[in-house]
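Read in order, the letters of the sequence shown correspond to residues 5 to 165 in my numbering.
Note that the Cβ used here is the ideal one computed from N, Cα and C, for glycine as well.
Quick caveat, the model's predicted, so the values are computed rather than measured.
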Amino acid sequence: MKDLPKTKEEAKLERYGCWAGHPKGNPFNEKCCAAHIMTTGRGALPAQCGRSPGHGPEKLYCKTHADEFFPGETATWYKTGSSYDWEIKEVQVCAETDKFIKIVSESSQAESRSTLKVSGYDRYWRTRKQAVAHLLDRAKRGLESAKRSVVDLENRIKTLK
Ligand SMILES: [Zn+2]
Numbered sequence: 005m006k007d008l009p010k011t012k013e014e015a016k017l018e019r020y021g022c023w024a025g026h027p028k029g030n031p032f033n034e035k036c037c038a039a040h041i042m043t044t045g046r047g048a049l050p051a052q053c054g055r056s057p058g059h060g061p062e063k064l065y066c067k068t069h070a071d072e073f074f075p076g077e078t079a080t081w082y083k084t085g086s087s088y089d090w091e092i093k094e095v096q097v098c099a100e101t102d103k104f105i106k107i108v109s110e111s112s113q114a115e116s117r118s119t120l121k122v123s124g125y126d127r128y129w130r131t132r133k134q135a136v137a138h139l140l141d142r143a144k145r146g147l148e149s150a151k152r153s154v155v156d157l158e159n160r161i162k163t164l165k
């Protein structure tokens, strides 16, 4: 079977419902699951799955098709840590809900664990770009705060002279 799209970009290049009578098919409808199906009933034709997406790679698939086509599939996410830690670590994620992700443990023996996407310390990002943007924002806020401290200290020094 042809590889199913795993990113929105790939899905946008996909054509649905192609057959001899409609060779060019239809473009991807992003309000629907990205899987190909056959319509039911007489004269079954290929089509895009009509169910709501929200599961699987980049949430492109309905639950049924995500479970069918991407069982145990993992995606690389990026983790940023506490305010003293400027590292971006890659983690393998095998499932996602609104608030939680399930990380496949680094050592294959250990069990996978669920964790909050955003906690007091750690945050998990879908793309490296998002993780970098978060650290940059944190650095800028730190710099602003440091500047305010300098001004404050300079004022104190003036009053002590
Ligand atoms: Zn589907």
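For a test of the three-state rule: what should DSSP assign to R142, helix, strand or coil?
R142 falls in the helix class under three-state DSSP.
So does T68 have its beta carbon nearer than 8 angstroms to some heavy atom of ligand 1?
Flag set: Cβ of T68 near ligand 1.
By the three-class DSSP mapping on this structure, what secondary structure does K165 have?
Coil at K165, not helix or strand.
Say yes only if the C-beta of I105 is nearer than 8 angstroms to one or more non-hydrogen atoms of ligand 1, and no if none qualify.
No, ligand 1 has no heavy atom inside 8 angstroms of this Cβ.
Quick one: complete beta strand (DSSP E) runs, 3+ long, within the segment 8-65?
Listed in chain order, they are 40-42 and 50-52.
Exposed or buried, what is F104 when buried is set at 16 or more other beta-carbons lying within 10 Å of its beta-carbon?
Counting Cβ neighbours within 10 Å, F104 comes out exposed, since fewer than 16 surround it.
Between C36 and R19, which are expected to be in contact by the criterion C-beta below 8 angstroms, what is the C-beta distance as a whole number of angstroms?
C36 to R19, Cβ: 14 angstroms. No contact.
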